[in-house]
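To start, the structure under review is shown below, and the notes come after it.
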Amino acid sequence: MTLTFSLAHLMGGILLLCGFLLLSQRRLAAMITLYQVQAFTLAAAAFWQGYAQSEVNLYLTGLITLALKAVLLPLGLREIVRRFNLTRAVETAMPMALSMLLGVGLIGIAVLVVLPTTMNAVSLTREDLAIALSVVLLGLLVMTSRRSALAQIIGFLSTENGLVLAAIGMPGMPFVAEFSVAMLVLLAFLVVGVFLLRIREHFDTLDVTGIEDIERRGR
Amino acid sequence: MVGLPGQGMHVRLDALSLLFLCILGPQVLASAVAGMRGSVTFWVFVLGMVLALAAGDAFTLIFGFELMSAASWLLVLQGDQKPAAFYITIAVFSAVCLIPAVFLPAGSVAFVLIVLGTGAKAGLAPLHSWLPKAHPAPPAGVSAVMSGGMVKVALYVLIRYAFMVLAPAAQPWWGVVLIVAGIASVVIGALRAMLEVEMKTMLACSTVEHVGLIAVGLGIALRAKAMGDPALAALGLQAALLCAVAHALFKPLLFLGAGEVKHAVGTTSLNWLGGLMRGQPRLGGLMLLGAAGMAALPLGPGFAPEFLLLHAVIGAAATGGILARIGFTAALAALGLGAALALGAAVRLIGIGFLGRPRSLHAAAAEDGRRGPLIGMALLAGLMLPVALLPSLVLAALVPVVRLLAPQAQLQALAYAPLPLVLLAFIIAAAAGFVLQRWGVRGTREVAAWNGGFGRAPAWLPFGDPATQPSATGFAEPVARAIARGVLGRDATDPAELYLMDPLRLLHLRGVRVAERIRRATIRERLAFVFAALVLFLLALGLAEGG
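Residue numbers (our numbering), protein chains in the order written: chain D, 10 to 228; chain W, 1335 to 1881.
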């Protein structure tokens, strides 16, 4: 039992660390790599939970995560980066130290919320939930603090990883929910991909500030 | 079900709601007949007013009230843009005061907010300076219902809350607040009505004056009720409610008439009118009736409420400490001043606008009013007759309302009976005619022909020029010199405008800018906003659970 807990917590910790590092990375390629690491860890966590809870569904979840998020999505993202020649391009909208500080604060809030509200639940779930909520919040912070559309997408995907982490930590969570979440991410990826291509066509950049400017002038 | 979750919306009618619905009915009918029946916004406006009057709970009341505000704003906007900006400022201010007030526990804070919110909407001083701008802007039918009906709805909310909902916490100084604001409205409204040249603006100023009269009556009743003087409370309520009934009849009539003048002449500026009585005899006759009501002349509909109100003020002057006695005596003087100025304004309206010689070709060529408005005005004039000649009957109909508002009220009979007065005057006139006929001087005498009050034409204008008649501005000049510059400042602008309306408008503008900034926020800013809200909620949840 203790091994189950410690391994699950370790993997959750790695996920959180990846989410935190995403905040600090200025280069897109490094962000994609970090996301890939996060997805691999998530897949491993799903397999481990499947073994610990002896649930076949969780193995399936792990497989989907591995195939879609750890392999396919990063490949696609790297393709975008290469095609648009974005290897060097990264900038943040917020000073990095500030965003790191905010990230620490968010983790604090997540712990502050989850631990007291779930006083009666099993201890495994409680800490897992705190970690998952932290990952979600960090992903949202990445989405709001970056200007580049691609970085915002990575933040969104990281948020989704946090959701899946919460789902696999819960014993008895039905498989359907995870499948739909995975499909949702894929759809979002496709939509945003089309969106990016259109941005490229019209403005020759992936920076959203241009759109904001035009939007402002248009009104 | 629409409404607050778990509560819904309720409609309930009691004596007070019924009274105000009856006040609203004739003028809406008259405006509809006069040509507003095709406008959807007008009917939404009416629906809002009816909903506010018939509301059974606070949410429905606010919903109807704000529906009324929004629809009337659209109607003002159809007329002119600048007044609409004024109007929306004051409507938002009123909503900001009213919405928290109706959900607050009974107490002085709630009362002050209610007075601010409804007073702003009713045009009670010092929040009145928008009314002479906004009420004349829309078409005449809408002006009529705004002036005669919308301010009554605001006063209804005031009465409902001051006398019923907040009654357990009532204190005498609540009434004093209303009396002071009412006296200020009476003086400023009557003074400006005397000075304004535009006919519709003048009528709107007169509305401010009548709202002030109603507020004084309500204030006396509220104070007397809190001090345990049921007879005085009944008197004040009777005066206020009767004034509301009378005003709701003659003011829409006058506004509809002003619309017809605009239609026939192309302007309502008194300086360009004159002699309309000749070209528009029916319209002129109806306007004369309305003006008699506005001036509170004896035998007119406005006299009985003013008579009752003066009685109430005299009665109140005998209560309370030395300060109250001096204050009520001063209030009596101010009411007298207001009545005199109102009479002057009415005389000016008829004398300059409808008598004399036309000051412009358009006025000379004016034809009588169209059929619809004339029918609407005749309807209101017909309803004015019982109010004017049988006020005791109307007061008897008001008894349930007074009993509802002041349960221990002791009602007294009205010591003013116009119908016997009319009969007496008729008998005297008939007798005088008979005496003249029987014993008068026979034979002929040569005298200079009376030329309708005109002076001799100056030597350089042997045939006379209509423009040499006294103008509306000239007629008001003595009053402007004697009183207005002292009360309103040198260039006769309202002090309330400078010190209250302008800062309010700036505040409103700033609020609009913030709202616009939020509306134009970029995608990232919106995301950040939602994210910050989420984090805040989480933090609150965590702190609440942890604590």
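Note that the Cβ used here is the ideal one computed from N, Cα and C, for glycine as well.
For this session: Please compile the residues from chain D whose C-beta is within a distance smaller than 7 Å of the C-beta of Arg1691/W.
Result: Sequence index remark: in the second sequence, residue 1691/W carries index 357 (1-based). The contacting residues do not exist; Arg1691/W stays about 56 Å from chain D at best.
For this session: Just the C-alpha distance for Gly1390/W and Ser1403/W, rounded to the nearest angstrom, thanks.
Result: One-based indexing of the second sequence puts residue 1390/W at position 56. One-based indexing of the second sequence puts residue 1403/W at position 69. Distance between the alpha carbons of Gly1390/W and Ser1403/W: 19 Å.
Exercise. Ordered along the chain, which non-local residues of its own chain (more than five positions away) have a Cβ less than 7 Å from that of Ala139/D?
Worked result: Taking the first sequence and counting its residues from 1, one reaches residue 139/D at position 130. So the list reads Ala119, Val120, Val123 and Leu124, once near-sequence residues are dropped.
For this session: With a 10 Å radius around its C-beta and 16 neighbouring C-beta atoms as the bar for buried, classify Pro104/D as buried or exposed.
Result: As a first step, residue 104/D must be located in the first sequence, where it is residue number 95. Exposed.
Exercise. At which residue ranges does the stretch 1379-1437 of chain W contain complete alpha helix (DSSP H) runs of 4 or more residues, listed in the order of the chain?
Worked result: 1392-1413 and 1415-1437
Problem set entry | Cα-Cα separation, Arg1693/W to Ala1679/W | Sequence index remark: in the second sequence, residue 1693/W carries index 359 (1-based). Sequence index remark: in the second sequence, residue 1679/W carries index 345 (1-based). Between Arg1693/W and Ala1679/W, the C-alpha separation is close to 19 Å.
Exercise. Residues of chain W with a CB under 8 Å from the CB of Val90/D: which are they?
Worked result: In the first sequence, counting from the first residue as 1, residue 90/D sits at position 81. What Val90/D touches in chain W: nothing, since even the nearest Cβ is about 21 Å away.
Exercise. What span of residues does the alpha helix (DSSP H) with Phe1662/W cover, start to end?
Worked result: By one-based count along the second sequence, residue 1662/W stands at place 328. Its alpha helix (DSSP H) spans residues Ile1656 to Gly1687.
Exercise. Name the chain D residues whose beta carbon is nearer than 8 Å to that of Val1846/W?
Worked result: Working through the second sequence from its first residue, we reach residue 1846/W at position 512. Under the 8 Å cutoff, chain D gives no residues; its nearest Cβ is about 15 Å from Val1846/W.
Exercise. Between Ala1766/W, Cys1577/W, Val1362/W and Gly1483/W, which lies nearest to Pro1635/W when the distance is taken from Cα to Cα?
Worked result: As a first step, residue 1635/W is located in the second sequence; it is residue number 301 there, counting from the start. Checked all of Ala1766/W, Cys1577/W, Val1362/W and Gly1483/W; the closest Cα to Pro1635/W is Cys1577/W.
Exercise. Going by beta carbon distance, what residues of the same chain come within less than 7 Å of Leu25/D, once the five residues before and after it are set aside?
Worked result: In the first sequence, the residue the question calls residue 25/D occupies position 16. Answer for Leu25/D: Ile140, Ser143 and Val144, listed in chain order.
Exercise. To which residues of the same chain is Arg1659/W closer than 6 Å at the C-beta, ignoring the five residues directly before and after it?
Worked result: Here residue 1659/W refers to the residue found at position 325 when the second sequence is read from its first residue. For Arg1659/W, where only same-chain residues beyond five positions count, the Cβ hits under 6 Å are Ala1651.
Problem set entry | CB contact check: Ala141/D to chain W, cutoff 9 Å | Here residue 141/D refers to the residue found at position 132 of the first sequence. No, because no Cβ of chain W sits closer than 9 Å to the Cβ of Ala141/D.
For this session: Using a Cβ-Cβ cut-off of less than 9 Å, give me the residues of the stretch 1726-1740 of chain W that come near chain D, in sequence order.
Result: Listed by position along the chain: nothing, the set is empty.
Exercise. If you run the structure through DSSP and keep just helix, strand and coil, what is Ser143/D?
Worked result: Within the first sequence, the letter at position 134 stands for residue 143/D. Residue state, collapsed to three classes: helix.
Problem set entry | chain W residues whose Cβ lies nearer than 7 Å to that of Met152/D | The residue labelled residue 152/D in the question sits at position 143 within the first sequence. Within chain W, the residues near Met152/D are Leu1861.
Exercise. Along chain W, which residues have their Cβ under 8 Å away from the Cβ of Ile118/D?
Worked result: Counting from one through the first sequence, the residue named residue 118/D turns up at place 109. Ordered by position in chain W, the residues that pass the 8 Å Cβ test against Ile118/D are Val1869, Leu1872, Leu1873 and Gly1876.
Exercise. Is Ala1676/W closer than 9 Å to Ala1314/W when the C-beta atoms are compared?
Worked result: One cannot answer for residue 1314/W here, as it falls past the ends of chain W, which runs 1335 to 1881.
For this session: Could you tell me which chain W residues have their CB closer than 7 Å to the CB of Val122/D, listed as they occur along the chain?
Result: Reading the first sequence from its first residue, position 113 is the one you call residue 122/D. Leu1872, Leu1875 and Gly1876, listed in chain order.
Exercise. What is the DSSP secondary structure of Gly1600/W, reduced to helix, strand or coil?
Worked result: Taking the first residue of the second sequence as position 1, residue 1600/W is located at position 266. Three-state result, Gly1600/W: coil.
Exercise. Considering only residues of the same chain and omitting the five flanking positions on each side of Ala53/D, which have a CB-CB separation below 7 Å?
Worked result: For the purposes of this step, residue 53/D is taken as residue 44 along the first sequence, with counting starting at 1. Only Met20 meet the Cβ criterion.
Problem set entry | Ala1765/W versus Gln1771/W - alpha carbon distance | Taking the first residue of the second sequence as 1, we reach residue 1765/W at position 431. Taking the first residue of the second sequence as 1, we reach residue 1771/W at position 437. Counting only the Cα atoms, Gln1771/W lies some 10 Å from Ala1765/W.
Exercise. Which residue or residues does DSSP assign as beta-bridge partners of Val1345/W?
Worked result: As a working mapping, residue 1345/W is identified with position 11 in the second sequence. Val1345/W is bridged by DSSP to Ala1389/W.
For this session: Assess, as a yes-or-no matter, whether the stretch 1580-1599 of chain W is touched by the stretch 1641-1650 of chain W under the definition of 3 or more beta carbon pairs within less than 8 Å.
Result: no
Problem set entry | Extent of the continuous alpha helix (DSSP H) to which Tyr60/D belongs | Sequence index remark: in the first sequence, residue 60/D carries index 51 (1-based). Per DSSP, Tyr60/D belongs to the alpha helix (DSSP H) from Leu37 to Gln62.
Exercise. Nearest-angstrom Cα distance between Gly1661/W and Asp1799/W?
Worked result: Numbered from 1 along the second sequence, position 327 holds the residue referred to as residue 1661/W. Numbered from 1 along the second sequence, position 465 holds the residue referred to as residue 1799/W. If I take the Cα positions, the gap works out to 49 Å.
Problem set entry | Cutoff 6 Å; reference Val1345/W; Cβ partners in own chain excluding five residues on either side | For the purposes of this step, residue 1345/W is identified with residue 11 of the second sequence, where counting begins at 1. If we look at Val1345/W and ignore the five residues flanking it on each side, its Cβ neighbours are Ala1388 and Gly1390.
Exercise. In three-state terms, what does DSSP make of Ser167/D?
Worked result: The residue given as residue 167/D occupies position 158 in the first sequence. Correct three-state label for Ser167/D: helix.
Exercise. Do we get a CB-CB distance below 9 Å when we pair Phe1865/W with the residues of chain D?
Worked result: To locate residue 1865/W, count along the second sequence from 1; it is residue 531. True, the Cβ-Cβ gap to chain D drops below 9 Å.
Problem set entry | CA nearest to the CA of Pro1586/W, picked from Pro1707/W, Gly1672/W and Ile1656/W | By one-based count along the second sequence, residue 1586/W stands at place 252. Here the closest residue by C-alpha is Pro1707/W.
For this session: Starting from Leu149/D, find everything on chain W with Cβ-Cβ shorter than 7 Å and list it in chain order.
Result: Taking the first sequence and counting its residues from 1, one reaches residue 149/D at position 140. What Leu149/D touches in chain W: Phe1865.
Problem set entry | Cα-Cα separation, Gly1886/W to Cys1431/W | A query on residue 1886/W cannot be resolved here, the shown segment of chain W reaching from 1335 to 1881 and no further.
Problem set entry | Closest by C-alpha distance to Phe1584/W, when choosing among Ala1712/W, Leu1450/W and Tyr1750/W | The residue given as residue 1584/W occupies position 250 in the second sequence. The option with the nearest alpha carbon to Phe1584/W is Ala1712/W.
For this session: Return yes when the Cβ of Gly1551/W is within less than 9 Å of the Cβ of Gly1523/W, no when it is not.
Result: Here the question's residue 1523/W lines up with position 189 in the second sequence. Here the question's residue 1551/W lines up with position 217 in the second sequence. The answer is no: Cβ separation not under 9 Å.
Exercise. Is Cys1539/W buried or exposed, if buried means 16 or more other CB atoms sit within 10 Å of its CB?
Worked result: In the second sequence, counting from the first residue as 1, residue 1539/W sits at position 205. Buried: at least 16 other Cβ atoms inside 10 Å.
Exercise. Where Arg1682/W and Asp1348/W are concerned, what is the direct C-alpha to C-alpha distance, given to the nearest angstrom?
Worked result: Start at 1 with the first residue of the second sequence, and residue 1682/W comes out as number 348. Start at 1 with the first residue of the second sequence, and residue 1348/W comes out as number 14. Distance between the alpha carbons of Arg1682/W and Asp1348/W is about 41 Å.
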